[in-house]
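Below you'll find the structure, written out as structure tokens, and then a few comments.
Residue numbers (this note's numbering): 12 to 364.
Here it is in structure tokens:
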């Protein structure tokens with residue numbers, strides 16, 4: 012009960028912070044490619060932070076045994092301070108744009124209607140949801156796959172490092188691909204590549220050499236990198252479409268729904284993985300698993316995430332905003348804002364006279 016309450020409080024506090032933090036992206040820049048670069052920087056620190064969170068607690072706490080319980084509090088204090096510092100830096104180091112703050116603020120109902128009627132946002136959310144469910148399923152299943160199918164539990168840290176270090180190093184690749192071909196086609200290429208690697212990865216066996224396994228993990232990391240950066244880079248462009256159509260910006264609602272979709276992805280993926288393990292006869296903490304459970308683990312590592320990723324590719328091809336379309340919308344919005352600014356100045360001059 013204590014853990015459940017602590018987790019709920021933490022998650023609620025994190026949501027209050029992350030939602031406006033995510034919503035800063037479309038305000039910091041309206042440039043199509045600069046948003047991808049900005050998201051790449053954010054994902055660098057996100058993935059790097061995940062690596063730190065995966066390794067450092069074990070160094071601080073050691074084994075998770077009752078006698079080491081006091082060290083858990085120490086770890087919490089250290090990570091709490093470390094997590095607060097960059098948030099304070101973001102708060103003091105950024106400024107909201109006055110022209111957006113001066114706009115009339117929509118009601119909750121208007122914001123929900125705008126999100127529902129915004130076609131780029133709806134397709135972007137579909138891409139985001141499908142990609143994140145696939146990511147969560149792979150993350151939930153990976154350690155089972157390493158331990159029971161590949162039988163490489165002692166090398167699990169090395170395998171995880173190969174994936175996530177590669178994901179960090181590949182971020183500039185996807186920023187370049189987005190500039191070269193646009194976000195839709197970069198997403199389709201990166202996610203299609205990852206889906207193929209996942210299918211190949213489940214063909215390894217206990218006799219497969221560690222070198223080949225690490226090579227496949229490096230390839231998977233390239234795809235994981237695309238999954239982390241491109242769905243996030245697609246979402247901000249829907250904000251200009253929204254302003255172009257409605258005359259207002261609803262990025263607060265858009266990123267609230269994005270945060271909700273992240274939670275839905277986790278809520279769907281982890282129970283699904285556990286359900287498949289249970290149905291296929293997984294035996295907790297067993298030295299060996301029955302063939303049916305091994306098949307279930309492989310299905311969760313290969314066909315299921317690959318299918319979800321391919322569905323995301325379909326939505327990417329249907330996504331209506333290209334670089335050229337977005338640039339035209341931004342140009343029209345700048346003209347509209349300049350006209351509105353001149354009108355406000357004329358009204359102010361009349362009042363003075």
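Ideal Cβ placement from N, Cα and C applies to all residues, glycine included.
The structure displayed is predicted, hence computed values, not measured ones.
- Assignment of residue 181 by DSSP, reduced to helix, strand and coil, places it in the coil class.
- For the pair residue 152 and residue 304, the CB atoms are not nearer than the 7 Å cut-off.
- Rounded to whole angstroms, residue 255 and residue 347 show a C-alpha spacing of 9 Å.
- Note on the stretch 237-280: whole alpha helix (DSSP H) runs with a minimum of 4 residues are 248-257, in chain order.
- Boundaries of the alpha helix (DSSP H) around residue 119: 119-128.
- Residue 220 and residue 182 have their C-alpha atoms spaced approximately 28 Å apart.
- In this structure, the CA atom of residue 238 is about 7 Å from the CA atom of residue 202.
- Linking residue 212 to residue 206 through their CA atoms gives a straight-line distance of about 10 Å.
- Between residue 41 and residue 341, the CB-CB gap stays under 7 Å.
- In this structure, residue 71 and residue 89 form a Cβ contact; the two beta carbons are roughly 7 Å apart against a cut-off of 8 Å.
- Under the three-state reduction of DSSP output, residue 293 falls in the coil class, being neither helix nor strand.
- If you look at residue 196, you'll find it in the alpha helix (DSSP H) that goes 194-212.
- Taking the Cα positions, residue 257 is about 8 Å away from residue 125.
- Rounded to the nearest whole angstrom, the C-alpha separation of residue 119 and residue 264 is 8 Å.
- Setting aside the 5 residues that flank it on each side, residue 175 is surrounded in the same chain by 58, 61, 62 and 232, each with a C-beta closer than 7 Å to its C-beta; the list follows chain order.
- It is roughly 14 Å from the alpha-carbon of residue 96 to the alpha-carbon of residue 87.
- Leaving aside the five residues that flank residue 48 on each side, the residues in its chain whose CB is nearer than 7 Å to its CB run, in chain order, 186.
- Put simply, the stretch 310-326 touches the stretch 137-156. At least three CB pairs are less than 8 Å apart.
- Taking the Cβ atoms as the reference, residue 267 lies roughly 6 Å from residue 30, within the contact range of under 8 Å.
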